[in-house]
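Chains as they are written, first to last, in the numbering used here: chain A, 1 to 114; chain B, 1 to 115.
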């Protein structure tokens with residue numbers, strides 16, 4: 001079975017501060033890992049993904065994430081956030097047997113204050 | 001560039017009524033997915049089509065739910081005899097098996113409120 005845990009439901013930060021959104025997963029098989037972002041009144045948009053290869057992956061808008069197999073984590077980071085980064089962020093895993101069947105975490109609401 | 005479109009965006013209905021949602025995927029995508037998102041939760045997989053074939057259904061998809069994709073293009077999701085617990089955002093996503101990047105392209109969702 002799959003589960004995805006996003007440890008923080010809300011993360012408030014000030015503009016230009018660094019941020020880390022945490023994601024842990026449980027799986028007995030190799031997985032593909034994703035971060036999606038949902039801006040207000042918009043659909044989910046892919047930020048970045050890990051399918052294979054380098055464990056440090058870079059995405060859009062200056063975000064990056066590191067896949068850590070031993071800790072079963074895929075934390076999302078940005079060194080300096082902007083007010084426009086305010087959104088809900090979802091971590092998701094795909095077991096690969098049915099590509100596109102994603103198991104999502106509950107989401108982390110990132111709020112960036114001026 | 002037309003993305004995934006869903007209609008209607010909002011639906012309010014009374015308990016016991018039937019509702020139908022439509023999803024138009026990105027035109028070159030042959031895979032189509034339905035997810036459901038309730039308040040405070042991440043999206044949950046409901047079902048998946050490759051072309052016109054429905055290849056997988058979640059246990060969440062009770063007998064009151066039916067999804068179709070008759071010509072391998074748009075899809076409909078019908079909920080019969082709606083219950084208050086069906087209130088949620090219904091998300092549609094599409095992808096192409098030929099690019100196989102794992103990325104899903106989501107629509108903006110159809111929000112259902114059952115009174």
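The beta-carbon is built from N, C-alpha and C at its ideal position, and this holds for glycine as well.
- Message: I want to see whether chain B comes within less than 9 angstroms of residue 49 of chain A, judged by CB atoms only; does it?
- Response: yes
- Can a CB atom of chain A be found closer than 9 angstroms to the CB of residue 59 of chain B? no
- Query: When DSSP labels each residue in this structure, what does residue 24 of chain B get in the three-state scheme?
  - Reply: Judged by DSSP in its simplified three-state form, residue 24 of chain B adopts strand.
- Task: To the nearest angstrom, report how far apart residue 66 of chain A and residue 100 of chain A are at their CA atoms.
- Result: 21 angstroms
- Query: Looking at residue 89 of chain A and residue 37 of chain A, is the spacing between their C-beta atoms short of 9 angstroms?
  - Reply: yes
- So what does DSSP say about residue 94 of chain A, is it helix, strand or coil? strand
- Among B/53, B/104, B/6, B/16, which residue has its Cα nearest to the Cα of residue 45 of chain B? B/104
- Message: Counting only beta-carbon separations shorter than 9 angstroms, does residue 63 of chain A have a partner in chain B?
- Response: Cβ-Cβ to chain B under 9 angstroms: no for residue 63 of chain A.
- Item | Distance cut-off 8 angstroms: residue 36 of chain B Cβ against heavy atoms of the ligand ZN | The ligand ZN is not part of the structure shown, which contains no ligands of any sort.
- Message: Please classify residue 64 of chain B as buried or exposed, where buried requires at least 16 neighbouring CB atoms within 10 angstroms.
- Response: exposed
- Message: Rounded to whole angstroms, what is the Cα-Cα separation between residue 37 of chain B and residue 17 of chain A?
- Response: Going from the Cα of residue 37 of chain B to the Cα of residue 17 of chain A covers about 30 angstroms.
- residue 58 of chain B - DSSP class collapsed to helix/strand/coil: coil
- Do you know how far the Cα of residue 113 of chain A is from the Cα of residue 59 of chain B? 41 angstroms
- Quick one: Cα of residue 75 of chain B to Cα of residue 14 of chain A, how far? 42 angstroms
- DSSP state of residue 8 of chain A, grouped into three classes? coil
- Message: In the DSSP assignment, the beta strand (DSSP E) including residue 80 of chain A goes from what residue to what residue?
- Response: Segment: none, residue 80 of chain A is in no beta strand (DSSP E) and carries neither H nor E.
- Query: How would you write the range of the beta strand (DSSP E) that residue 32 of chain A sits in, first residue to last?
  - Reply: 32–38
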